[in-house]
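J.: Quick one: structure below, then a few questions.
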Amino acid sequence: MKYYLVGYMYCGKTTFGRKLAAEKGMDYIDLDHAFEERYHYTVPRFFATFGEAAFRKLETQMLHSTEFLDNVVIATGGGTPCHSGNMDFILENGTAIYLQMTVDGLVERALRSRNPRPAMLGLSPEAMRTKIEGQLKERETFYLRAPIVLDGSDPVF
206 MKYYLVGYMY
216 CGKTTFGRKL
226 AAEKGMDYID
236 LDHAFEERYH
246 YTVPRFFATF
256 GEAAFRKLET
266 QMLHSTEFLD
276 NVVIATGGGT
286 PCHSGNMDFI
296 LENGTAIYLQ
306 MTVDGLVERA
316 LRSRNPRPAM
326 LGLSPEAMRT
336 KIEGQLKERE
346 TFYLRAPIVL
356 DGSDPVF
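So, in structure tokens, the structure goes:
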């Protein structure tokens, strides 16, 4: 069994993924952390240095490296399912779970985060809301292809 967690940043993929893996006796992989370990760059630093296209190419390779894994929960990056046919790959190779949250819930989590994401640094709450709302509207088409949709504010497994 293999679960791929998809959803916008701050929806709880890491927290839920760790709990789900522990509950099911499965391994846990966070693709962003795996990327950082493999390439010795934080995702934001890699983005700033090499650009989004280079990041998305390597991110897709990281995702595809999970093809033959089993008994694992994999938390994807927020944009992972939205590029390079990655959602098709996810659906063909495991069970996708979308942790869905409202824009208000995501903004609230972003504002109280102790580790703010670079994409949100320096944004006013209003600008953050606008950014999240726009990106979520674009990405949810991909996220909603997941056969399982859970409330990210209180996911139950």
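Going by this note's numbering, the sequence shown opens with residue 206, and the numbers climb by one from there.
The beta carbon of each residue, even a glycine, is placed where N, CA and C say it ideally should be.
Computed from a predicted model, the values in this text were never measured in an experiment.
Are Lys224 and Asn298 closer than 8 Å when you measure CB to CB?
T.: Going by C-beta atoms, Lys224 is not nearer than 8 Å to Asn298.
J.: Out of curiosity, what's the CA-to-CA distance linking Leu368 and Ser329?
T.: The requested residue 368 is not part of the displayed model; the chain covers only 206 to 362.
J.: How many angstroms separate the CA atom of Asp235 from the CA atom of Phe221?
T.: Using only the alpha carbons, I get a separation of about 11 Å.
J.: Only counting runs of 3 or more residues, tell me where the beta strand (DSSP E) segments fall wholly within the stretch 296 to 345, in order along the chain.
T.: Those beta strand (DSSP E) runs which fall completely within the stretch 296 to 345 and span 3+ residues are 300 to 305.
J.: Are the stretch 310 to 324 and the stretch 211 to 220 touching, with three or more C-beta to C-beta distances below 8 Å?
T.: Contact between the stretch 310 to 324 and the stretch 211 to 220 is present, because at least three Cβ pairs lie under 8 Å.
J.: Can you tell me which of the three DSSP states Tyr348 falls into?
T.: Helix, per DSSP.
J.: Using only alpha-carbon positions, find the residue among Ala227, Glu338, Arg319, Ile295 that is nearest to Leu210.
T.: Out of Ala227, Glu338, Arg319, Ile295, Ile295 has the C-alpha closest to the C-alpha of Leu210.
J.: Which two residues bound the contiguous beta strand (DSSP E) that contains Tyr233?
T.: Start and end: 232 to 235.
J.: Would you decide whether Asp237 is buried or exposed? Buried here means 16 or more other CB atoms lie within 10 Å of its CB.
T.: Asp237 comes out buried.
J.: How many Å lie between Arg334 and Val354 at the Cα?
T.: When rounded, the distance between both Cα atoms is 22 Å.
J.: From what residue to what residue does the beta strand (DSSP E) around Leu210 run?
T.: Where Leu210 is concerned, the enclosing beta strand (DSSP E) stretches over 207 to 211.
J.: Measure the Cβ-Cβ separation of Asp356 and Gln305 and say whether it is below 8 Å.
T.: Cβ atoms of Asp356 and Gln305: closer than 8 Å.
J.: Would a C-beta distance cut-off of 8 Å place Pro352 and Ala301 closer than the cut-off?
T.: Their beta carbons are under 8 Å apart, which means Pro352 touches Ala301 by this criterion.
J.: Opposite Asp356 in the DSSP bridges: which residues?
T.: Paired residue(s): Gln305.
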